[in-house]
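Colleague: Structure provided below as structure tokens; questions to follow.
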Amino acid sequence: MSGPFLRAESMGGMDIGQRLGWYGKIPATGDFVNRNLPRELSGWWDKWLQHGLAALKQSQDEAALRAYAAAPLWNFAIPSGPGAGGVQFGCIAASRDRVGRNYPLCVSLYMPVDLYEPRMLDAAGEYFHQLGVGLLMAVRHGCAAEQLERALQPARAAAAAMSAAGRGAVAASRGSDIMDILNAGQPAPAQALAGNRPLAWAELPSVFNPGSHTSYWWTNQADGAALRTYLHGGALNVTLFATLFSSFAGVRR
115 MSGPFLRAES MGGMDIGQRL GWYGKIPATG DFVNRNLPRE LSGWWDKWLQ
165 HGLAALKQSQ DEAALRAYAA APLWNFAIPS GPGAGGVQFG CIAASRDRVG
215 RNYPLCVSLY MPVDLYEPRM LDAAGEYFHQ LGVGLLMAVR HGCAAEQLER
265 ALQPARAAAA AMSAAGRGAV AASRGSDIMD ILNAGQPAPA QALAGNRPLA
315 WAELPSVFNP GSHTSYWWTN QADGAALRTY LHGGALNVTL FATLFSSFAG
365 VRR
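Per the numbering used here, the very first residue in the sequence shown carries number 115; after that it's consecutive.
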């Protein structure tokens, strides 16, 4: 997918927090809900989620269906290779609609590859935490779509801080003024720009490649889950869905 919503020039001076959108089902509504996620991108997510849910139903495995309901929240860092045409950072949770039809709820921050800076992930701890808090309000506490939008405002602010951390690192590395020289070209600490919450998967910033085909998944922990990490190569598929929503279900500290 290479739609214009993932081209750097289309973002202009837009605050990166405005590139945060969400899609899926929540217990407070009877159908799909989409806020600020481009149609092409929500379609990309829907293709994977529909295949995963179909396989879950066809298995006729009651334990697997129960596991879905108890699955932890999962953070993700997805590069451009699996087909979305850009980089995505977000969180996904098992959810359902008002009448009990299962369908996950996904929140994603999407950007073109050339807008990604490695320092962003160094400063992403608060962003992912706020995503988890917002998702829990929807899937566990039944908040409405408008309430979820408000609950995600801290995540948008944290996303802007992530972006500022990335830009600050690039500016500092250029050594373009006297302060860079005096500070030996060292970038300002990313944590100072995005709060003091560390990224749970500390190694992720050093291994994530925005142009690769390997996506990274780890438990959000806002719901009390223990830290679990998972690497997936290639397109999102049924195996990945089963791993996230069955294999690690009920994981707690």
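Ideal Cβ placement from N, Cα and C applies to all residues, glycine included.
Compute the distance between the beta-carbons of residue 349 and residue 226, then report whether it is under 7 Å.
Modeller: Not closer than 7 Å, so no.
Colleague: How long is the line joining the alpha carbons of residue 279 and residue 320, rounded to whole angstroms?
Modeller: 15 Å
Colleague: Mind the definition here: the region 203 to 222 touches the region 136 to 155 only if three or more C-beta pairs lie below 8 Å; say whether that holds.
Modeller: yes
Colleague: Exposed or buried, which one is residue 333 when buried takes at least 16 other CB atoms within 10 Å?
Modeller: buried
Colleague: Would residue 162 and residue 331 be called neighbours here (beta carbons separated by less than 7 Å)?
Modeller: no
Colleague: Does any C-beta atom of chain B lie closer than 7 Å to the C-beta of residue 149?
Modeller: This model lacks chain B altogether, as it is built from one protein chain only.
Colleague: Run through DSSP, which three-state label would residue 130 get?
Modeller: helix
Colleague: What's the C-alpha gap between residue 216 and residue 180?
Modeller: Taken atom to atom, the span from the alpha-carbon of residue 216 to that of residue 180 is near 11 Å.
Colleague: With a threshold of 16 other CB atoms inside 10 Å of the CB of residue 275, please say whether the residue is buried or exposed.
Modeller: The residue in question, residue 275, is buried, as its Cβ has 16 or more Cβ neighbours within 10 Å.
Colleague: Would the region 220 to 240 count as touching the region 130 to 138 if we require 3 or more Cβ pairs under 8 Å?
Modeller: Contact holds between the region 220 to 240 and the region 130 to 138, because three or more Cβ pairs, one in each stretch, are under 8 Å apart.
Colleague: CB-CB under 6 Å to residue 251, same chain, minus the five flanking residues each way: which ones, in chain order?
Modeller: 257, 265
Colleague: Only counting runs of 3 or more residues, tell me where the beta strand (DSSP E) segments fall wholly within the region 304 to 348, in order along the chain.
Modeller: 328 to 333, 343 to 347
Colleague: Do residue 272 and residue 244 have their beta-carbon atoms positioned less than 7 Å apart in this structure?
Modeller: yes
Colleague: Among 336, 326, 237, whose alpha-carbon lies nearest the alpha-carbon of residue 346?
Modeller: 326
Colleague: Report the rounded CA-to-CA distance for residue 341 versus residue 186, giving the unit in angstroms.
Modeller: 10 Å
Colleague: For a minimum of 4 consecutive residues, which ranges assigned as the alpha helix (DSSP H) are wholly contained in the region 216 to 275?
Modeller: Taken in chain order, the whole alpha helix (DSSP H) runs of length 4 or more contained in the region 216 to 275 are 233 to 236, 239 to 253, 259 to 265.
Colleague: Tell me the residue span of the beta strand (DSSP E) that contains residue 207.
Modeller: 201 to 207
Colleague: With a threshold of 16 other CB atoms inside 10 Å of the CB of residue 322, please say whether the residue is buried or exposed.
Modeller: buried
Colleague: Alpha carbon to alpha carbon, how far is residue 202 from residue 147?
Modeller: 19 Å
Colleague: At the level of alpha carbons, what is the spacing between residue 129 and residue 270?
Modeller: 9 Å
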